Structures are given as structure tokens and as C-alpha cells.
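There are 2 protein chains.
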Amino acid sequence: MSAPSDCCPPETPQAVDLAADAVDGEAADQELAAFAKAIGHPVRVRILRMLARKEAKMCSHIVDELPLAQSTVSEHLRILRSVGLVQANESGPRVSYCIVPFKLKRLKALLEAM
Amino acid sequence: MSAPSDCCPPETPQAVDLAADAVDGEAADQELAAFAKAIGHPVRVRILRMLARKEAKMCSHIVDELPLAQSTVSEHLRILRSVGLVQANESGPRVSYCIVPFKLKRLKALLEAM
DNA sequence: ATGTGTTATCGTCAATCGACGATTAACGAT
DNA sequence: ATCGTTAATCGTCGATTGACGATAACACAT
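As given, the protein sequences belong to chains C and X, one line each in that order. Residue numbering for the first sequence follows the numbering used here, beginning at 1 and increasing consecutively. Residue numbering for the second sequence follows the numbering used here, beginning at 1001 and increasing consecutively.
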């Protein structure tokens, strides 16, 4: 039986770098800026929230809940994926999206260090 | 004698709204997105950090530490001010900038709720 | 009153963003 | 093999961003 989150594989190995990576310095500046830029749009915040609540959603589900074209939603998802905050699980033509928890934690850690 | 932070007035009255305002919903989405957009640039993250460490800085100090024109830095500061994360204290032609702590807390709270 | 140091604003330019429709690709079912 | 369904990609358009130099505004000294 699939648990609430049948999207994200149990836990990615990179989850280790959470506490390891520096939280300031030039690299951290760019990392935080990239995260922030990705969520710097109301639609993407909303999508993130949708994914955070219901554990996995198909792109079409998201399109249904937003007054935007499918291509636009797909682009927003691409941006969220590009910084690793969101992950896609493809099974057939269907693609389930879900949040990548440790990336979100990393973002929170970066911001918390400010 | 001026304490480390002689910029920000003791505490703004709006500090109350920290716990009061909703942390999700459409308004919160837009609020978080606006914050994120503002810090969605490496230079602005760096400026924020400079202001977070040394409590108050003049614009010219920031210009000195960055490879950017004065007008460019001024624009970045304007963006940070526009979302309330940074505050300006004018005394003569000199303008001291500093972080607005409760705004930063609000941002962290919005993100933490994700 | 003039000058000096400081910051904001204006105008410009190339680059990026956000949205859309149209098309393509990928897979399952018939 | 063809058809539906789903999602990604492409091309386009107007709007916004990021950077700069030049200029204006401001307050303090002289």
C-alpha cells in the first residue's frame, strides 16, 4: 500500500549535506538567491503549498486548480525542479510531482542563518 | 553612546502582526513571493548579510565592498526597502541602512509554514 | 554663497521573465 | 497500428530586471 507520499523515493543519499554545507559565504549567497528566486512568484508558492499538503500531484491536477495554461504550469514546475525543491516521478505519460523535503530544509537553514 | 544598532528605532509598533497574520492563503502566498523575489539575487543576499552583521551601514560603505556602481547598489537597496526588510535612517546627506528584524522573522515564519 | 560628499532618480540598453498557443513526445489502451 | 491522455518543448510577445553613466537633490562646511 502506498503511504501518503508514494512519490519521493524514501530518502535521497544527498540528505547528508544538510548540516555539512556552509550557511554563508559567496556560494551560500548564490544558493539562497537561487532558491528565493524560484519561490519568488505567487503561483510557484501556491504550487509548493499544494505539493506540501497532498503529498503527490500530477501536473494536470495542478493545472485544474489554477487559471493558467498547461504550458505555463509546466514551466513553473520546471523552475521549481531546477533548484531541486520539487521532484518528478514519471510512470507512463503521467508525472507525479512532490516536494523534496531536505531541499526545503536546506532553504530554511540558509534563511535561518541570516 | 550609540549601541551597535543606532539605526533602527527601538521597535516599530507593527511588530505585533508577527504572530497575528496568517501564514498561508492567497495573501500569504503573495507576501512570501514578494519577500523571496527581493532576496532572489546574490547581491541582495550579500547586502542583507552585511547589514545583519554590522548593524548599520551607509550606502557608500556597501558600494566600497561590491564591484558595482553606486546607482546599482542604491537600486538593490530600494528593492530591499520596498518589501520592508531594510530600513533607512537619514541623518543629513548620509543614510544608514539596517535590517528590520521583525520583517525577517515574518519571512522566516512564512517559509517555516511551508 | 560655494563647494563637497552622499544618495536618489532618470534614461538607456541588453537580457530575462511570464504567459500563451501550437507542436512534439511518451506511454497505455483499444 | 492507432487513438487518447499527459506533459515537455518551442516560438512569440510584451513586461520586467539589472546594470550603467549622468544628473539632480540634499545637508553640512567653509
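We put the CB at the ideal spot given by N, CA and C, even for glycine. The model shown is predicted, which means the values in this text are computed figures rather than measured ones.
Cβ neighbours of residue i in the same chain (closer than 6 Å, five flanking residues each side left out)
i       : result
X/R1094 : M1058
C/A52   : I99
X/K1103 : G1084, L1085
C/F35   : V83, L107
For residue j and residue i, believed in contact at Cβ under 8 Å, the rounded distance
i       : j       : result
X/I1047 : X/L1080 : 7 Å
X/A1033 : C/H41   : 5 Å
C/L111  : X/L1111 : 6 Å
X/A1056 : X/S1096 : 4 Å
C/D24   : C/A109  : With 8 Å as the limit, C/D24 and C/A109 do not qualify as a contact, their Cβ atoms being about 11 Å apart.
Beta-bridge partners of residue i, as assigned by DSSP
i      : result
C/V100 : Per DSSP, none; premise fails for C/V100.
C/V95  : C/E90
Cβ neighbours of residue i in the same chain (closer than 7 Å, five flanking residues each side left out)
i     : result
C/R44 : A38, H76, I79, L80
C/S2  : With a pLDDT of only 37 at C/S2, under 50, the local geometry of the prediction cannot be trusted, and no value is derived from it.
C/V73 : C59, I62, V63, L66
C/A22 : A28
As assigned by DSSP and simplified to three states, the class of residue i
i       : result
X/A1113 : coil
C/D29   : helix
X/R1106 : helix
Contact set for residue i: own chain, Cβ-Cβ below 8 Å, skip 5 residues either direction
i       : result
C/A88   : L77, R81, V95, S96, Y97
C/Q30   : none
X/Q1070 : C1059, S1060, V1063
For this session: Entirely within the stretch 35-93 of chain C and at least 4 residues each: give me those alpha helix (DSSP H) ranges in chain order.
Result: As far as the stretch 35-93 of chain C is concerned, its whole alpha helix (DSSP H) runs of at least 4 residues are 42-53, 59-65, 70-82.
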